[in-house]
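Report on one structure; see the data block that follows.
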Amino acid sequence: MTAVLQHPGYEEERMQRVAGQLPGREVQAGMLLSLMGQPQHYSYPSIFIYGHRASGKSHVMHVLLKELELPHATVSCVECVSVTLLFEQVLLSFFGCDAASLLPCSPSLSDFVRIYRQQCSQTPAKETRYIVMDKAELLRDADTNLLPALLRLQELVEDNVTVILLSEIVWDNFRPNTGCFEPLLLNFPDYSKGELQQILSQDRHPSYSAEFYSSYINILLGVFYSVCRDLRELRRLAALNFSKFCEPLAEGKVKETDTHKLWKNIEPHLKKAMQTVYLREVSSLQWEQMQQMEEKEAGALRGVDTHSAVALDDFLRIAAYLASYNPARTDKRFFLKHHGKIRKTNFLKKNEKTSNHLLGPKPFPLDRLLAIFYSVVDSRVAPTASIFSQISSLVTLQLLTQVSHNDQLNAPKYKCAVSMDFICAISRTVNFDIVKYLYDFL
Amino acid sequence: MSTSSVSKGCFVFKPSAKKKKKTSSLEDYFTVGCEVAETSEIRFRLCQDLWDKIKTDTEVLQDELNRKILDSLLDFTRKCSSTRQHGDWTSQMRASEIPTAALLLGVNIPDHDMTFQSLSDLLQQSVTPHVASVQAKECAALKYLMKRVLERLMGTDVTMDDDDDDEEEAASIQLHKSVHCSLGTLCDWYSTTTKKSKTGTPGKKRSSSVRDEQQQQPPVVIIFKDLEAFNPRVLQDFILICSRYIERLPLMFIFGIATSPSTIQHMLPHSVSSLLCIELFQSLSCTQHLATVIDKFILTHHFPFKLSSKVMQVLINIFLYHDFTVKNFIKGMQLALLEHFHSQPLSVLCCKKREALYNVMRLSHRDLERIRQLPSFKSYVEKQDPQEQADLLKDDTHLKDVCQKLIKDLHKYHKNYYPILRCLHSLTSSLPRYPLGKQIRELYLICLEKNVWENEDYQSAMKLLKMLAKDELIASLQRCAEILKCEKMKNALVQLEELLGKFQQLDTTAAETAPSVEESFTSPVKNLQKKTDLFQLQKTLLEMNESRRSKKLSPFEVLRDEALEFIDSLVKNHLSLPESQTLNEVCYYSSSATVRRHINATPRTSIRAALSSPYYYLQNDSLKAEDGSVSNAAPDICIAYKLHLECGRLINLFDWLEAYTTVVSAAEGNDPDSENFGKVDEVKHARFIRAVSELEFLGFIKCTKQKTDHVARLTWGGC
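So the sequence lines, in the order shown, correspond to chains A and B. Under my numbering, the first residue of the first sequence carries the number 77, and numbering increases by one thereafter. Under my numbering, the first residue of the second sequence carries the number 413, and numbering increases by one thereafter.
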């Protein structure tokens, strides 16, 4: 495989080292290297690399640039709250802090280009300089001219510089309306099962043999590969369950080679872990504690999810839910004493016939909420200031969302943001049969 | 002029409420509008003392209650920072995750501030100097969040270590000046400060052994006070950025969550939450907190100021139905305290016993007259013989002596009241279906409302107590004995212990008597097995029933009845109504309406009251009017309001204007027959428009597109 990673520009030994650090990504690395050419050669102005999360994009770039000692600047676009930070980081890593301090207070792109050229004429590039933009999808939200300019930065600054964009989404979603220079596209496919095995086996426990750990990874992948291919998540699962796997070894019951017995021991635990893949209900720390505890107690630990709320809050939430999921025209039927019979079929317009629960919550005005609230709550409650402040605190707790603009004082509109299960649980605690009041369940 | 009536419906604290701020003028505020100025000084001092006591004690209480959760949080932070430095394989695998503590605090948001304050103080004292807490409202965008975090981390350090050189201060100044700030800057700052503290200045106040261990790498703790209110986008980006620096900067988060841990999942997508290593912590529930506060300030005779049943009810209802915040409950108590000392001249006697006795001797003639006017004193006088009555009503010195006695009685009453209340609660709180309430505050409310032994629930509770098994009964009686021992009620304690001793004796004698009881019991049953005739069966069953009814009580049952009678007598002796006590007005604050008006304001009702009866607020005699109608001299807005009440959903503006001018012209005293009467002139027009726009501002009407020249009415009658 190392045959792929050969390049006239670099020594063999160094290439070997690089290849060792990039299991499963040799093809892509080789491709990149041939695109980059020899250090002193001019390279393609911009390269766009895309692939799913944890498919090794940043890692490959990092290893290549580090090991081959190429001048580079790595910028994460999340971190660049403003373009200033981006420019500063690039200048800093290429020309030192003197250059970075030359940037004016709120620099424009042309400022950046000017300073870059100025510095570049003083210290011309002997080797290709690389700018790696991590999470490049965020560049789309930046100034409209930033992305096109970066794509042909080589021309703008007249320097041997290449911009490499790393993203989780495809190039088609980037292309601006006005058109731009097309970068070279390079896809990083997902790791295969074998590659995952190879990668995961690398971080083995120091006190166990490599074969033992790799057999553990094999078992782990056998269980989880069908539901989860995210390298990061798998790595976490591997770390979490390894101590359980080793338990019989520590107790001296089995030998390292007795794979079958080990498998019998770990299987139920992995099955249990399967329920929480992706769902970080419990932290890694707590998972470990749970493994130590009996199952009963573990259930209690996860049952911390208790809502204790003020009595009137409950009714406010119920009222909000009813207002969100019942058509306004049906209020009369539910909350008036002498409403007469209303037939479901004839009464409603066509679009109201589909289940409201499928359509999601609808906005409702404050007045309606209060009207329903007062008919739902059994005792007489004065319309005090606290009720209104309770509504706004429900909004900050994100149990209600304000639909209308914040500044609109006149008849604000809200939406209910809680689930059916949640509201059923609440109404049980206050002895309110909510299903009887929901139009969908008539 | 009585102050309490002016403030009706207005949600404004009287000046005296502010008095905690400036000592010089506080007293002046208190005396202004105070009933009887002479004693106001003493009353002010008493009030201040009591409030200071409440304030300090609640703080101590809060600290105690939070100690457990804070300790576990501190442990968590320590553990996190130590495993990071010398961890094993598993923690190395986890190294890329940011340790996060999710702190579930409940919906009582106003109480959280204190918790977070003490948390960050404790963290700074014992774990790390680098603590920053942020609130959602100051971090609308990522930029601001970054800025706040950096400012607080670097800024606090500058103020903390005064002996550091100016370099750092200069750096921080530069930071404020610079437009952007990134975590990179923070990293650099962190490495320089840690290096600095490693090499020099061993004389800093970092002496504990834990300290030294973490000297090299104290964690950087960021507290998000209200997680729910944060913009999810901002939070996600921030966490993403932080995770890039986790290797260089030992970061740690604490999330304050009001609802449930699932909010984390709602706010953060998996890609972000997988960067965190979350651990849950649950704080004490606020009802427990309230229970301790009530225990400390209300159910004790050490605190002379008392709330009557209605005021208690109002405060507890606000707590349960509206906010769940103990802070507001205490504020309500503060208000009641102030009002009591402000409006009740006899509150000079509301203090410790010795001081109260001293104050009795200093009472003026007018004060004594007031005492004679007290309802409770009047009923006391009526019970005395005629000679005594005359003395009480005429002789001031005699009255003072009697007052001293009465005050002593009142203190004694309180001293006995609370232990017995606790006893009763400990007996009844475990009964099925809780006839007298689960919490002691419920029982207290029942006892304040009317004589508890007249209550049906009390009867049923007593019946249930009679059905208790022996060991249960003994256990709860022992608990009572414990309570009485704590509160030093000797007489009752001796009697109760006697009873308990008898119960124990019963155990030893029971073994001997048991068989005979059983014998008499089994005989009819044996008969039953022999005869299978239906008629006979009925007969024997009836016989069995009869015999059981008339059966002699077992020694245990006799003893049990005796014990319960004893408890009953205690209750009847000591848990009588506070209103039945002479001079109870001195200690009990009873104006629940005032408290409700101030704390649970009803803005809409007060606006309506102001508009429909302006006399109520303006106190201008010309505005007095008969029921329902508004005098035509009332302010324009009142007239416009009154007129609009007569309209339907849509109001024609021109008709309204006509009606308005007619009323106003009548007020100006124009001759109804003259030509100009009711004519719309410019001034009236302008006044009308102003009134209408004011009504619109208050939310009574709004513009509508349904009809031109019309406005829509937004309110209907009552509410």
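Beta carbons are placed, not taken as given, at the ideal position from N, Cα and C, and that holds for glycine. All figures in this text were calculated on a predicted structure; none of them were measured in a lab.
Same chain only: Cβ atoms within 6 Å of residue i, ignoring 5 sequence neighbours per side
i              : result
residue 616/B  : Because the pLDDT at residue 616/B is just 39, under 50, the model does not fix this residue reliably, and the value given afterwards should be weighed accordingly. Within the same chain, residue 616/B has no close Cβ partners at all.
residue 192/A  : 233
residue 112/A  : 119
residue 480/A  : 488 and 489
residue 1027/B : 1035 and 1036
Straight-line gap, residue i to residue j (C-alpha atoms, nearest Å)
i              : j              : result
residue 784/B  : residue 790/B  : 7 Å
residue 189/A  : residue 694/B  : 54 Å
residue 38/A   : residue 243/A  : Nothing about residue 38/A can be read from this structure; chain A reaches only from 77 to 518.
residue 342/A  : residue 327/A  : 14 Å
residue 488/B  : residue 146/A  : 42 Å
residue 996/B  : residue 901/B  : 22 Å
residue 172/A  : residue 216/A  : 28 Å
residue 155/A  : residue 649/B  : 8 Å
residue 272/A  : residue 433/A  : 41 Å
residue 642/B  : residue 653/B  : 17 Å
residue 748/B  : residue 706/B  : 15 Å
residue 121/A  : residue 238/A  : 5 Å
residue 809/B  : residue 772/B  : 10 Å
residue 347/A  : residue 289/A  : 19 Å
residue 767/B  : residue 871/B  : 40 Å
residue 434/B  : residue 744/B  : Because the pLDDT at residue 434/B is just 43, under 50, the model does not fix this residue reliably, and the point stays unresolved.
residue 622/B  : residue 672/B  : The predicted model places residue 622/B with a pLDDT of 43, which falls under 50 and marks its position as unreliable, so this point remains unresolved.
residue 31/A   : residue 603/B  : Coverage of chain A is limited to positions 77 through 518, which leaves residue 31/A absent and any answer about it impossible.
residue 82/A   : residue 106/A  : 8 Å
residue 229/A  : residue 240/A  : 11 Å
residue 804/B  : residue 836/B  : 37 Å
residue 1025/B : residue 1047/B : 11 Å
Paired residues, beta bridge with residue i - DSSP
i              : result
residue 150/A  : 208/A
residue 1114/B : 1124/B
residue 511/B  : 689/B
residue 668/B  : 515/B
residue 476/A  : 492/A
residue 642/B  : Beta-bridge pairing links residue 642/B to no other residue.
residue 410/B  : Residue 410/B lies beyond the stretch modelled for chain B, which goes from 413 to 1131, so this question has no answer here.
residue 111/A  : Residue 111/A is not bridged to any residue.
Same chain, Cβ closer than 7 Å to residue i, five either side skipped, listed in chain order
i              : result
residue 702/B  : 731, 738 and 741
residue 1111/B : 1126
residue 915/B  : 886 and 971
residue 598/B  : 562, 565 and 661
Neighbourhood of residue i by C-beta distance below 8 Å, restricted to the same chain and skipping five residues each side
i              : result
residue 1004/B : 720, 722, 723, 725 and 726
residue 275/A  : 99, 100, 267 and 307
residue 509/A  : 503
residue 847/B  : 840, 869, 870, 872, 873 and 876
Listed by chain order, chain E residues near residue i by CB distance under 7 Å
i             : result
residue 129/A : The structure shown contains no chain E; its protein chains are A and B.
For this session: Note down, in chain order, all residues in the segment 149 to 165 of chain A with a beta-carbon under 9 Å from any beta-carbon belonging to chain B.
Result: 152, 154, 155, 156, 157, 158, 160, 161, 164 and 165
Exercise. Of all the alpha helix (DSSP H) runs that stay within the bounds of the segment 699 to 740 of chain B, which reach a length of 4 or more residues?
Worked result: 721 to 729
Exercise. In the segment 993 to 1022 of chain B, which residues sit with their C-beta less than 8 Å from some C-beta in chain A, listed in chain order?
Worked result: 1012, 1013, 1014, 1015, 1016 and 1017
For this session: May I have a chain-ordered list of the alpha helix (DSSP H) segments no shorter than 4 residues that lie completely inside the segment 942 to 1012 of chain B?
Result: 946 to 962, 967 to 986 and 1004 to 1011
Exercise. Going along the segment 1104 to 1126 of chain B in order, which residues come within less than 8 Å of chain A, judged by CB to CB distance?
Worked result: 1111 and 1114
Exercise. Any residues in the segment 842 to 875 of chain B with a beta carbon nearer than 9 Å to a beta carbon of chain A? Which ones, in chain order?
Worked result: none
For this session: Kindly provide the ranges of any beta strand (DSSP E) runs that are 3 or more residues long and lie completely inside the segment 222 to 282 of chain A, ordered along the chain.
Result: 237 to 243 and 260 to 263
Exercise. Given a limit of 8 Å on CB to CB distance, which residues of the segment 285 to 313 of chain A reach chain B?
Worked result: 308, 309, 311 and 312
For this session: Using a Cβ-Cβ cut-off of less than 8 Å, give me the residues of the segment 479 to 501 of chain A that come near chain B, in sequence order.
Result: 486
For this session: Please name the residues in the segment 449 to 467 of chain A whose beta-carbon is closer than 7 Å to at least one beta-carbon of chain B, in chain order.
Result: 458, 459, 460, 461, 462 and 466
Problem set entry | Entirely enclosed beta strand (DSSP E) segments - the segment 1051 to 1102 of chain B, minimum 3 residues | 1062 to 1064
Exercise. In the segment 721 to 743 of chain B, which residues sit with their C-beta less than 9 Å from some C-beta in chain A, listed in chain order?
Worked result: 730, 731, 732, 733, 734, 735 and 736
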